[in-house]
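See below for the structure under consideration.
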Amino acid sequence: DYVRTLKGQFKREELDQVAKTIFNRALKLQIGCGTEPTLYKDLDYIVALGKRYKVPYISLTTNANLLTEEKIESLLKAGLNEFTISLHGITKESYENFMKKASYEKFHQAFKAFETLKKNYDFKVRINYTFNKDNFYELKEIFNHFNGKSFDILQIRPIQKIGNTEYSDFDLESLRSNYPRVMETIRQQCKMNEITLLASDEIP
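For the sequence shown, the numbering used here gives the first residue as 980, with consecutive numbering after it.
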């Protein structure tokens, strides 16, 4: 509904006015919510504006499907501090089932680029994994599919009913008893790979 009803894009002069009004008071610039920000042609310019106004931390939330190594490096040069990557499935089948029209191969190409660019740039990659009863248990296999050198933070959150979504099963009761055991496995894996884990000890 959000994407269908709200149209249009900021022009550069409008971005300049927003930055002049707000950015000098901002502690963090979070780019991306509601639609995919990498579709916006002036994304680098927004990041550079944040840097110009000395915003301490600039983060981008994205599904990563349009992130090439060249695009990632361009954003880093503009001043981006963190990529927050939305993920809803570890395996190809699960990933492409939940992320309609997305490519598992393109997603992994972005993570290979992160790993390469981390050798020359100081930035963070956060995986934001939203789990449901159909994608929870495969979390135990995350390090079989993702190199721990390609990301820094794994944030695991339960699905919530926010707006109109294609997936409609929000019942997590079947996971409750096994959740602590699975999370302990993931916690140990994160520790071995020097990954920061952000997750609750039990399902809220």
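Note that beta-carbon positions come from the ideal geometry of N, C-alpha and C, so glycine has one too.
Environment of residue i [buried if 16+ CB atoms lie within 10 Å]
i, result
"Val-1034", "buried"
"Ser-1156", "exposed"
"Tyr-1074", "buried"
"Met-1162", "buried"
"Asp-1131", "buried"
"Tyr-1259", "The structure shown does not extend to residue 1259, since the chain is modelled only from 980 to 1183, so the question has no answer here."
"Asp-980", "Legend: pLDDT at Asp-980 = 49, less than 50; position of this residue unreliable, value from coordinates given subsequently. When all chains shown are included, Asp-980 counts as exposed."
"Val-1104", "buried"
"Gly-1068", "buried"
"Ser-1153", "exposed"
"Gln-996", "exposed"
"Leu-1028", "buried"
"Leu-1018", "exposed"
"Asn-1042", "buried"
"Tyr-1118", "Note that residue 1118 is Leu in the sequence shown, not Tyr. Buried: at least 16 other Cβ atoms inside 10 Å."
Cβ pair residue i, residue j closer than 8 Å
i, j, result
"Thr-1040", "Thr-1014", "no"
"Leu-1055", "Ile-1025", "no"
"Leu-933", "Lys-1112", "The structure shown does not extend to residue 933, since the chain is modelled only from 980 through 1183, so no value can be given for it."
"Phe-1090", "Ser-1065", "no"
"Ser-1082", "Asn-1044", "yes"
"Ile-1174", "Gln-1134", "no"
"Phe-989", "Leu-1059", "no"
"Ile-1010", "Ser-1038", "yes"
"Phe-1093", "Pro-1137", "no"
"Ile-1182", "Tyr-1158", "yes"
"Glu-1061", "Leu-1096", "no"
"Asn-1114", "Phe-1077", "yes"
"Ala-1057", "Asp-1023", "yes"
"Asn-1003", "Tyr-1036", "no"
Residues that DSSP places opposite residue i in a beta bridge
i, result
"Arg-1105", "Thr-1063, Ile-1132"
"Ile-1037", "Leu-1008"
"Leu-1022", "Note: Leu-1022 sits in no beta bridge, so no partner."
"Leu-1176", "Leu-1133"
"Phe-1110", "Pro-1137"
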